[in-house]
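Undergrad: Numbering (my numbering), first residue to last: 17 to 215.
C-beta atoms are modelled at their ideal positions from N, C-alpha and C, and glycine is treated no differently.
Predicted, not measured: the structure shown is a model, and the values here were computed from it.
What follows is a single structure, and I will ask about it in a moment.
Okay, here's the thing in structure tokens:
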């Protein structure tokens, strides 16, 4: 029996909008918590709303297009498969996808010096931003499950090289499909603005 590993290219999507837009209350479904989720924070400053907005705009994470947002999620998928040879060629004996996800969120360092009204607004905004970013985490979870679902239909191939090519093709195709879902999610929600992720 032998084993191989396939790695999907890193993928990240960003969220959080500075524009004041009406909240439409978008409902989303959520997968089980991601055991591979790491949350990182960047510090923002200010004791007034304009100062806080300016800090978020200046310090938020940068996406692949060079644009800053208030939050960002990077999910990465790695698949590993086992196989064995027999008279019929190469048979798949095991397949699993490992998911690792990093979420970047703002941390307000001047919260104790701000007004109660601004602290309340920050709490509301932070929860909405986390809700939006959790949607990107969900996309990565669904992508991992879809790779496993499609790989389950692959039983064997004429050669082990062909088996590996088929499985890697499945993984890469699914990653591209779910990259597109992340882009659509941001477009639909205005990077979280319709979910209340604006301040």
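1. Please say whether residue 197 and residue 155 have beta carbons closer to each other than 8 Å?
2. So the candidates are 117, 129, 138, 131; which of them puts its Cα closest to the Cα of residue 123?
3. Compute the beta-carbon to beta-carbon distance between residue 159 and residue 194, rounded to the nearest angstrom, for a pair I have assumed lies under 8 Å.
4. Counting along the chain, where does the beta strand (DSSP E) carrying residue 112 start and finish?
5. According to DSSP, residue 56 sits in a beta bridge with which residue or residues?
6. In angstroms, rounded to a whole number, what distance separates the CA positions of residue 144 and residue 208?
7. Specify the secondary structure class of residue 170 as computed by DSSP and reduced to three states.
8. Assuming the contact rule is C-beta atoms closer than 8 Å, residue 168 and residue 86 should be a hit. Round their C-beta distance to whole Å, please.
9. Helix or strand or just coil, what does DSSP make of residue 214?
TA: Walking through what the data contain:
1. yes
2. 138
3. 4 Å
4. Its beta strand (DSSP E) spans residues 105 to 124.
5. 120
6. 8 Å
7. coil
8. At roughly 38 Å, the Cβ-Cβ gap does not stay under 8 Å, so residue 168 and residue 86 are not in contact.
9. strand
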